[in-house]
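S.K.: One structure follows; several queries about it will come next.
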């Protein structure tokens, strides 16, 4: 199998396993070329490959056995991403790419034919459901509920991803006679940072993102920096990627008989879309 027997000729010291992706030594631009979430996902993929008994650098034989071992245990889309992580590890470490071997790709294709299934999508949030949620949150009249009301309405009407919502700053919002304009400095579809503007008109008393944002800023006394922040004992801090709508917030909505929140993920609730798989 060509290079498939490379590891057999290596000494134990040469077969040293390196489980981290190569560091961007002194080059901040290499680091910036990949998002933090992608980097973490690839690192987890490499760790899973090694913890499964596979060696790095690897061979086509080993990769094929890995695919066969997890063909009926992992989603084929997960295996696709695992191969991408393995490929990147080898390329950036200066080794030949074992995933490029034809039988590796053929094996993956067969797995997708046998075990592939449609991607599960969470149900879409409707405007009627959003009205119910907004009314419930308004009745709670707390700092957290005021934030969540603005968060949900902004995400819904702006069709924002969670990652985009957590990047919005107060200074990115312009209030105009017709409504508000929000600048998204960078997003998944704008990796170069050209910036995108989203205009949201004023609504009615039931739903109005502009009014909800204004109420949140006034109540939290926000003058600058990140708009949607984590609330912890009335202390505001910038939220992490998945901490905008917390488990406690979901439980509160459930307790109010608003929605079965377990059926909805954050991106569906906030932006009416689910996050795509990493390539």
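Residue numbers (my numbering): 234 to 512.
Each residue gets a CB set at the ideal place from its N, CA and C atoms; glycine is no exception.
1) With respect to the alpha helix (DSSP H) encompassing residue 292, which residues constitute its N-terminal and C-terminal limits?
2) Do residue 446 and residue 513 come within 7 Å of each other at the CB atom, strictly closer than that value?
3) Quick one: Cα of residue 291 to Cα of residue 306, how far?
4) For residue 375, count the other beta carbons within 10 Å of its own beta carbon; 16 or more makes it buried, fewer makes it exposed. Which is it?
5) Apply the 10 Å Cβ neighbour rule to residue 369 and answer buried if 16 or more other Cβ atoms are within range, or exposed otherwise.
6) Let me confirm a value: residue 536 is counted as buried when at least 16 other C-beta atoms fall within 10 Å, else exposed. Which label applies?
7) Determine the DSSP secondary structure at residue 450, reduced to helix, strand or coil.
8) Report the start-end ranges of each beta strand (DSSP E) in the segment 321-382 that is 3 residues or longer and not cut off at the edges.
9) Kindly indicate which three-state DSSP category residue 397 falls into: helix, strand or coil?
10) Thinking C-beta only, is residue 438 closer than 7 Å to residue 411?
11) Beta-carbon separation of residue 360 and residue 404 under 7 Å?
12) For residue 364 and residue 409, I'd like the C-alpha separation in whole angstroms.
13) Less than 7 Å between C-beta atoms, sequence neighbours within five positions excluded: which residues of the same chain meet that for residue 282?
14) Flag this pair as yes or no: are the beta carbons of residue 449 and residue 383 separated by less than 7 Å?
15) Check whether the Cβ atoms of residue 345 and residue 293 sit closer than 7 Å, and answer yes or no.
16) Is it buried or exposed, residue 336, if we count other Cβ atoms within 10 angstroms and call 16 or more buried?
17) Could you tell me the distance, in whole angstroms, from the CA atom of residue 392 to the CA atom of residue 295?
18) Where does residue 267 fall in DSSP's three states?
19) Throw me the rounded Cβ distance for the residue 417 and residue 460 pair, which I believe falls under 8 Å.
20) Just grab the DSSP bridge partners of residue 309 for me.
M.R.: Per the coordinate set shown:
1) No residue range can be given for residue 292, since it is assigned to no alpha helix (DSSP H) and is classified by DSSP as neither H nor E.
2) For residue 513 there is no data in the structure shown, the boundaries of the chain being 234 and 512.
3) Inter-residue distance for residue 291 and residue 306 is about 21 Å (C-alpha atoms, whole angstroms).
4) With fewer than 16 other Cβ atoms within 10 Å, it is exposed.
5) When all chains shown are included, residue 369 counts as buried.
6) Summary: the structure shown does not reach residue 536, with the chain confined to residues 234 through 512, and so no result is reported for it.
7) Looking at residue 450 - three-state DSSP - the assignment turns out to be helix.
8) The segment 321-382 contains no whole beta strand (DSSP E) run of 3 or more residues.
9) Note: residue 397 maps to helix in three-state DSSP.
10) Their beta carbons are not under 7 Å apart, which means residue 411 does not touch residue 438 by this criterion.
11) The criterion of a C-beta distance shorter than 7 Å is not satisfied by residue 360 and residue 404.
12) Each residue's alpha carbon lies about 24 Å from the other.
13) Closer than 7 Å at the Cβ level, and outside the excluded window around residue 282, lie 299, 315 and 319.
14) With respect to the 7 Å criterion, residue 449 and residue 383 are classified as neighbours on the basis of their beta carbons.
15) Taking a C-beta distance under 7 Å as the contact criterion, residue 345 and residue 293 do not qualify as a contact pair.
16) Exposed, by the Cβ-count rule.
17) C-alpha separation (whole angstroms): 43 Å.
18) Shown here, residue 267 sits in coil according to DSSP, grouped into three states, outside any helix or strand.
19) Contact between residue 417 and residue 460 does not hold, since their C-beta atoms are separated by about 12 Å, which reaches or exceeds 8 Å.
20) DSSP lists no partner for residue 309.
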